[in-house]
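Just so we're aligned: 112 in full-length UniProt numbering is position 112 of the sequence shown, and the numbers increase by one with no gaps anywhere.
Step one of this worksheet: look at the structure below.
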Amino acid sequence: MEWATYGRQRVYGSAWVEVWLDDVDVPGLGRINHHVIRMPRPSVTSVVTDEQGRFLLIYRHRFITGRWGWEVPAGWADPGEDPAEAIAREVEEETGWRPGRVELMAEYDALAGISDMHFRSYHVTGCTQVGKPEDASEATAVEWVPEVEVVKLLTSGGVADGPSLAALSYYLGPYRLCRHS
Numbered sequence: 001m002e003w004a005t006y007g008r009q010r011v012y013g014s015a016w017v018e019v020w021l022d023d024v025d026v027p028g029l030g031r032i033n034h035h036v037i038r039m040p041r042p043s044v045t046s047v048v049t050d051e052q053g054r055f056l057l058i059y060r061h062r063f064i065t066g067r068w069g070w071e072v073p074a075g076w077a078d079p080g081e082d083p084a085e086a087i088a089r090e091v092e093e094e095t096g097w098r099p100g101r102v103e104l105m106a107e108y109d110a111l112a113g114i115s116d117m118h119f120r121s122y123h124v125t126g127c128t129q130v131g132k133p134e135d136a137s138e139a140t141a142v143e144w145v146p147e148v149e150v151v152k153l154l155t156s157g158g159v160a161d162g163p164s165l166a167a168l169s170y171y172l173g174p175y176r177l178c179r180h181s
């Protein structure tokens, strides 16, 4: 059953996020106003690995949730920027490591019931260290973490960020299974 949209009104907007009120007809429910969060720029994440099977992660605090945790490099594509080029830029800015190869792993809609936030997740390899991270506010630490430790972080809550959890879990599961079969 597809919802019919009769109009939309922008409630708030910035370069980061927009909030809309959509006039929709929900089958079986009728016409309602539905809040929609729109993201003006494409979101990108990465799983960065090296030849030793380690993962490049950043450790940071998220003020909104009040939590510390390990995350993958991520960010947004600038207007007109190719998402693969955006994640290469983000990896270098956040970690100080320049990607060699960037390969699309998966695409998904993070909050499809309320938002158009669309993620592209990439596998990044062949990195070369070119310096320190450009923005000190991005991370308290940048480390190459062995796979066994990444799995422990995933199962213990050490990775609580949704995009990081999705990217790492997808890489460790379906992505590697499909590449080795």
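Cβ atoms here follow ideal geometry from the backbone N, Cα and C, with glycine treated the same way.
Remember, it's a predicted structure, so these values are computed and weren't measured experimentally.
Task: Close beta carbons around Val150, own chain, < 6 angstroms, minus the five adjacent residues each side - done: Numbered from its first residue, the sequence shown carries residue 150 at position 150. Excluding positions up to five away in sequence, the list reads Phe55.
Open item on the list: Which residue wins for smallest C-alpha separation from Val142, given the options Ile87, Leu21 and Glu71?
Closed with: Residue 142 sits at position 142 when you count from the first residue of the sequence shown. It is Glu71 whose Cα lies nearest to the Cα of Val142.
TODO: Count the other CB atoms, across all protein chains shown, that sit within 10 Å of the CB of Ala88; report buried if there are 16 or more and exposed otherwise.
DONE: As a position in the sequence shown, residue 88 is number 88, starting the count at 1. Around the CB of Ala88, 16 or more other CB atoms lie within 10 Å, so the residue is classed as buried.
- [ ] Starting from the Cα of Cys127, find the closest Cα among Ala106, Lys152 and Arg98 and give me that residue.
- [x] Within the sequence shown, residue 127 is the residue found at index 127, counting from 1. Distance check between Cys127 and each of Ala106, Lys152 and Arg98 places Arg98 closest, using alpha-carbon atoms only.
Open item on the list: What ranges does the beta strand (DSSP E) occupy inside the UniProt domain "Nudix hydrolase" (39–167), keeping only unbroken runs of at least 3 residues that lie completely in it?
Closed with: Runs of the beta strand (DSSP E) inside the UniProt domain "Nudix hydrolase" (39–167): 43–48, 54–62, 67–71, 74–76, 101–109, 118–125 and 141–146.
TODO: Determine the direct distance from the alpha carbon of Glu51 to that of Leu21, and round the result to whole angstroms.
DONE: Residue 21 sits at position 21 when you count from the first residue of the sequence shown. Residue 51 sits at position 51 when you count from the first residue of the sequence shown. About 48 angstroms.
Task: With 16 other Cβ atoms within 10 Å as the buried cut-off, status of Leu177 - done: Along the sequence shown, read from residue 1 onward, the residue named residue 177 stands at position 177. Its Cβ having fewer than 16 others within 10 Å, Leu177 is exposed.
Task: Extent of the continuous alpha helix (DSSP H) to which Leu21 belongs - done: Sequence index remark: in the sequence shown, residue 21 carries index 21 (1-based). Here Leu21 belongs to no alpha helix (DSSP H); instead the beta strand (DSSP E) covers Glu18 to Val26.
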